[in-house]
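Residue numbering for the sequence shown follows the working numbering, beginning at 52 and increasing consecutively.
Beta carbons: idealized from backbone N, C-alpha and C, even for Gly.
Small disclaimer: the values here were computed from a predicted structure and weren't measured.
Worksheet: the structure to be examined is printed underneath.
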Amino acid sequence: MKLIKGIILGILIILTFFTSSAYASFCRNYHEQLVCILSIKRSAKNYWEYRASISVNNIVRPIEIYDCRQKIRIQQKGVSIPFKINDPGELICSFFKK
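Structure below.
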């Protein structure tokens with residue numbers, strides 16, 4: 052009986068290590084799009100740059116660099132894309148503004 056209780060207790064302890072934590076994201080309806088900021092980091096060197104991963108209408112984009120000074124986003128391959136009208140990049144750039 053003690054062996055069974057020990058096994059059950061061991062299984063419960065192991066399962067607590069494998070439970071997924073709550074995944075919180077910052078979501079906004081932005082010009083008829085659902086934009087969620089999944090992760091965001093502000094550059095220490097260039098305060099106008101943000102490294103962020105977002106999802107637009109539940110389509111996840113990989114981490115990109117958002118340059119709020121030049122209004123461009125730089126993809127992982129180094130391709131720079133200018134912000135369009137009502138671009139989610141504007142939401143990223145306004146994230147830390149006071």
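- Take Leu-85, set aside five residues on each side of it, and the residues of its chain with a beta-carbon closer than 6 Å to its own are Asn-108, in chain order.
- In the DSSP annotation of this structure, the continuous segment of the alpha helix (DSSP H) that includes Glu-141 starts and ends at 139-144.
- Nearest in C-alpha terms to Glu-141, of all of Ser-76, Ile-62, Tyr-81 and Leu-54, is Tyr-81.
- If you ignore the 5 residues before and after Pro-133, its C-beta comes within less than 7 Å of the C-beta of Lys-122 and Ile-123, all in its own chain and listed in chain order.
- Relative to Leu-89, the option among Tyr-101, Ala-95 and Ser-76 whose CA is nearest is Ser-76.
- Per DSSP, reduced to three states, the secondary structure at Lys-96 is coil, with no helix or strand assignment.
- For Ser-76, no pairing in a beta bridge is given by DSSP.
- Per the C-alpha coordinates, the member of Ile-136, Ser-131, Tyr-117 and Val-130 positioned closest to Ile-143 is Tyr-117.
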